[in-house]
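Participant: Before I ask anything, let me first share the structure, which is written out below as structure tokens.
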Amino acid sequence: MVLHVKNAEETSDMHTLLKGAPVRDAIDQDIISRVELLTKAGKTPKIATFRIGDDDGEKYYEGAIIKRAGKYGIDCESVVLDEGVSQSDAEEELVRLNNDDNIDGIIMLMPFPKSIDGERLRALLSPTKDIDAITDASYANLFANDPNAFYACTAESCMEILKFYGVDLKGKQVTIVGRSMRVGKPLMLMMMNANATVTVCHTKTTDENLREACERADVVVLATGQIESYSPELFHDGQIIIDVGTGTGKDGKLAGDFDSGALEAEGMPKSLSYSPVPGGVGTVTTALLLRNVVKAAELA
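Residue numbering for the sequence shown follows my numbering, starting at -13 and increasing by one per position.
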């Protein structure tokens, strides 16, 4: 089946890029209008970031959250604990955030130092403030297709990109490569809830079965972190590829699981639609996290 996408940008070689920026821009407008309504009603949404230690990656993400929150008019409180903080003190601080009625959502920036039991902290996080859907209660709400549930933002980014570009998943064959708790598993449920027929492949899937699953799919999601490991030869014209992977490619630049650089080789597909890395799924996730803060404020 050949799927047609709307509003997308064609490359010079007839492939179609499913860029994240226009998706994020549409979400931006929705958030800003909803924040304005909340503010008029006397409520300013507020997010708390919770970080232990000085990991550069976590600090970068924290900065991106704070910057975008300010753009939307969302207040932000940053909690930074020393890497040597005790488990009990870390738990006490998280409980304080849980109990603060002015805080609508909490994002725990992970991984934590080895001295901290992250599972205990995750279990303490209030489900009503779990804007990145890491608690067991959030997984249960997704399983039940609860309309008030928060969804894991990276997985939801995949859904938002497909929706923005006019891809209706009803009756479609979808193959997800990767079964992580942050992307593959929640995305499987989201796509099933959208009435897609979903196949999940993983590290124990044979090469033959992986090839067959990709061949029959209308949409393929690559979420393994195996950078540039999936050649275009696995796919065929008319398919849609959502690339979640992020890492360093063969040329030292940021790249995804899909080896898009090989598309120019002889015998490769000529008309794929795919989300680029960078500029695809990752562009949308922070906006969705902050949209969940607004949602939490509306539900409070």
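Beta carbons are placed, not taken as given, at the ideal position from N, Cα and C, and that holds for glycine.
1. Taking the runs of the alpha helix (DSSP H) that are 4 residues or longer, which of them lie wholly in the region 44 to 86?
2. Beta-carbon within less than 6 Å of Lys115's beta-carbon, same chain only, minus the 5 sequence neighbours each way: which residues are those?
3. Can you give me the Cβ contacts of Thr30 inside the same chain, cut-off strictly under 6 Å, excluding the 5 residues immediately before and after it?
4. I need the boundaries of the alpha helix (DSSP H) containing Gln15, first residue and last residue.
5. Can you tell me which of Gly157, Leu95 and Arg165 puts its alpha carbon nearest to the alpha carbon of Asp42?
6. Report the partner residues of Tyr216 according to the DSSP bridge assignment.
7. From Val280 to Val21, what distance separates their C-alpha atoms?
8. What are the residues that DSSP puts in a beta bridge with Cys139?
9. Mind checking who Thr185 pairs with in its DSSP beta bridge?
10. Bridge partners for Phe36 per DSSP, in chain order?
11. Let's see if you can read the secondary structure: which residues bound the beta strand (DSSP E) around Val270?
12. Where does the unbroken alpha helix (DSSP H) through Leu128 begin, and where does it stop?
13. In chain order, what residues of the same chain have a beta carbon less than 7 Å from the beta carbon of Gly170, not counting five sequence neighbours either side?
14. Once DSSP output is grouped into helix, strand and coil, what is the label at Thr2?
Facilitator: To lay it out plainly:
1. Whole alpha helix (DSSP H) segments, 4+ residues: 73 to 85.
2. Contacts found: Gly91 and Ile92.
3. Around Thr30: Asp61.
4. It spans Ala7 to Lys26 - the alpha helix (DSSP H) in which Gln15 sits, taken as one unbroken run.
5. Answer by Cα proximity: Leu95.
6. For Tyr216, which the question treats as bridged, DSSP gives the partners Phe244.
7. Near 7 Å, if we compare the C-alpha coordinates of Val21 and Val280.
8. Looking at the DSSP assignment, Cys139 forms no beta bridge with any residue, so it has no partner.
9. Thr185 pairs with Thr161.
10. According to DSSP, which records beta bridges pairwise, Phe36 is partnered with Val65 and Met94.
11. No beta strand (DSSP E) contains Val270, which is instead part of the alpha helix (DSSP H) from Gly268 to Leu285.
12. Judged by DSSP secondary structure, Leu128 falls within the alpha helix (DSSP H) whose first and last residues are Asp122 to Phe129.
13. For Gly170, same chain residues with a beta-carbon under 7 Å away, outside a window of 5 residues either side, are Ile162, Gly164, Val186 and Ala209 in chain order.
14. Three-state result, Thr2: strand.
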